[in-house]
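Encoded as structure tokens, the structure appears first; notes follow it.
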């Protein structure tokens, strides 16, 4: 597979993992030039048409998910007999690798990971996708500690055909919910159970159930109790253990009913670690079962349902009563005895049910009516944590406090916007309370204002509710860009921001123009002072004979004459008089060879042009070259006393040097 190009787009680079269902490779998306992960189905699955059909359907459904804690699915394809999924590449480790390396994890780290998994599950469940195979192997942790859950929806495709292979259950059995182990219907609460196992493993370094065979592990999920987390890790807060106990309830009705409900408790766990221990109702429904070796589904069929158990209990009670009251007799006598006792048994059962109902009703009424009255405190405007403490200190039940997040442009993040019970109102201590909490200003994508005129950019930002006082403009000289246009922006375009963010714009500033001042007749030092005062740089200073200008005085500037308008900061040379020339060769032209060095940094390829202007009276390109290293060119010039030469060097179209060439000998 390595070296192949799938879909004429994905170039397979290396194998990075694998499991019972597929092998995972790192590949290069040659179209978008980015790394991706490709999961290729193993051969035994690719020949099963029903499986392939389910696999494609579920993979495409999972591809609809878009969440920062879910590994994105980019593509699903087939090449020959190879079915594959193209996914986001996450540079990091699996949670299983992290657990094996340094479990037990710190409580705050484990809680943070569990919260991110909860967020991913909540998003999937709201889109009617149940994972069904939550385990540390399917949870990736990037180098910046971002949790990414993978394989959403894939487990459903493999449930019916691949739960057992050669008499053994796949490795996921350690994280199966009881309903999965018995082959029953799975829903969001099955994912919550599996997450409970993952959290248990993170904080203890151990699995709640283990065994020599997958079936023995599955049986333990159904009927055994595990060693509670604080018995393994006594430093674990009771609040965190409670979350695990509730998640691992064998009855789905006792578990968290949604990932968001579990997420809420995870958020509170470290704020209020010392709480009462969560107690799971004891239904006493499990019994030892002989499980056939053919697989879990066959074994599950032998499990008695709750209704069957109740009927068996009634039958057993009836049988015991008959045995106690009857004597050996003819068939007719036994029949009469059975007729006599059957109504008695039914009456007993009815009275028992009525009694239980009455006790339950009484308990509920007294539980509500017996709660003390509490004056609702005012918590609007308080930080959420402080508000919760205030409510609990007032006598309200911590477990009945619900947080509802809401964007607000006026209220700072994590501050209570409103409370559903009016301050001062008398309520029962167990009354549910909802606090609406600000998550800050509503965020949106930062507009792209680069290349826009600065005034247009400000208008676009004001239209997005940015305050002009939060917009800072810095000018920068730029020879290429249009003056007044935006060169860079912060924050970058398309990032999620709120209107209170400070925006920084860098705007192109045109290069200021100056005229070269007249310096003829001045000394070199005087001329330099004048030129620098005008914002110009001093270039090469050369001497040449002159019958008109006294020795050591400036003849002219070079290569620009006085009065010429140039960019501020331009380099200007000086031609200084060397005194009257010798009479013998006063007007004779002569050749001069000038060495020109063009420097190149970092091995970057540079286009070089050298333009010569001399006594011939023309300007022409004498070198047109492309170089990747520093190079020296020798340029021949013809000069006369009244016709100086100059050499101009251009790199990638920009003039980088001007060299005046004098008549005097070097």
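Residue numbers (our numbering): 95 to 760.
Where a beta carbon is used, it is the ideal one built from N, C-alpha and C, also for glycine.
Distance between residue 669 and residue 640, taken at the CA atoms: about 10 Å.
Under the 10 Å beta carbon count, residue 747 is surrounded by fewer than 16 other beta carbons and is classified as exposed. Per DSSP, reduced to three states, the secondary structure at residue 669 is strand.
The region 321-337 makes no contact with the region 267-279: fewer than 3 CB pairs, one atom from each, lie closer than 8 Å.
When 740, 701, 168 are compared, the shortest CA-CA separation from residue 180 is found for 168. Secondary-structure assignment with DSSP links residue 358 through no beta bridge to anything. Closest in C-alpha terms to residue 713, from the list 743, 266, 288, comes 743.
The region 510-518 and the region 554-566 do not touch, with fewer than three beta-carbon pairs separated by less than 8 Å. With contacts defined as CB atoms closer than 8 Å, residue 567 and residue 591 fail to qualify as a contacting pair.
Around the Cβ of residue 149, a 10 Å sphere holds 16 or more other Cβ atoms; the residue is buried. Taking 8 Å as the upper bound for CB-CB distance, residue 745 and residue 692 are in contact here, some 7 Å apart. Judged by DSSP secondary structure, residue 129 falls within the beta strand (DSSP E) whose first and last residues are 128-135. Of the residues assessed, residue 514 falls on the exposed side of the cut-off, its CB having fewer than 16 other CB atoms within 10 angstroms.
Counted as a single uninterrupted DSSP element, the alpha helix (DSSP H) harbouring residue 627 occupies residues 618-627. In this structure the region 467-479 touches the region 515-523; the number of beta carbon pairs closer than 8 Å is three or more.
Note: residue 737 is bridge-paired with 734 in the DSSP secondary-structure output. In the DSSP assignment, the residues bridged to residue 538 are 591. If you ignore the 5 residues before and after residue 726, its C-beta comes within less than 6 Å of the C-beta of 689, 691, all in its own chain and listed in chain order. Excluding sequence positions up to five before and after residue 268, its CB lies within less than 8 Å of the CB of 229, 291, 301, 303, 304, 311, all in the same chain and listed in chain order.
The criterion of a C-beta distance shorter than 8 Å is satisfied by residue 357 and residue 209. Following the DSSP letters along the chain, one finds residue 296 inside the alpha helix (DSSP H) bounded by residues 282-298.
Rounded to the nearest angstrom, the gap between the Cα atoms of residue 466 and residue 523 is 6 Å. Of the other Cβ atoms in all chains shown, fewer than 16 fall within 10 Å of the Cβ of residue 701; this residue is therefore exposed. Note that the C-beta distance between residue 735 and residue 653 is not below 8 Å. One thing to note: residue 235 has its Cβ within 8 Å of the Cβ of residue 192. For the pair residue 525 and residue 494, the CB atoms are nearer than the 8 Å cut-off. Counting the other CB atoms within 10 Å of its CB gives residue 538 a total below 16, which places it among the exposed residues. Our two residues, residue 615 and residue 601, have alpha carbons roughly 42 Å apart in a direct line. Here residue 110 is exposed: its Cβ has fewer than 16 other Cβ atoms, across all protein chains shown, within 10 Å.
Leaving aside the five residues that flank residue 667 on each side, the residues in its chain whose CB is nearer than 6 Å to its CB run, in chain order, 633, 634, 652, 754. In terms of Cβ geometry, residue 327 and residue 298 form a close pair [threshold 8 Å]. Pairwise C-beta distances place the region 171-178 out of contact with the region 188-208, as fewer than three of them are shorter than 8 Å. Going by C-alpha positions, residue 108 is about 7 Å away from residue 121.
Listed in chain order, the non-local C-beta contacts of residue 540 below 6 Å within the same chain comprise 585, 587, 589, 591, local neighbours out to five positions each way being set aside. For residue 192, the three-state secondary structure derived from DSSP is helix. Secondary structure remark: continuous alpha helix (DSSP H) runs of at least 4 residues inside the region 544-584, in chain order: 548-557.
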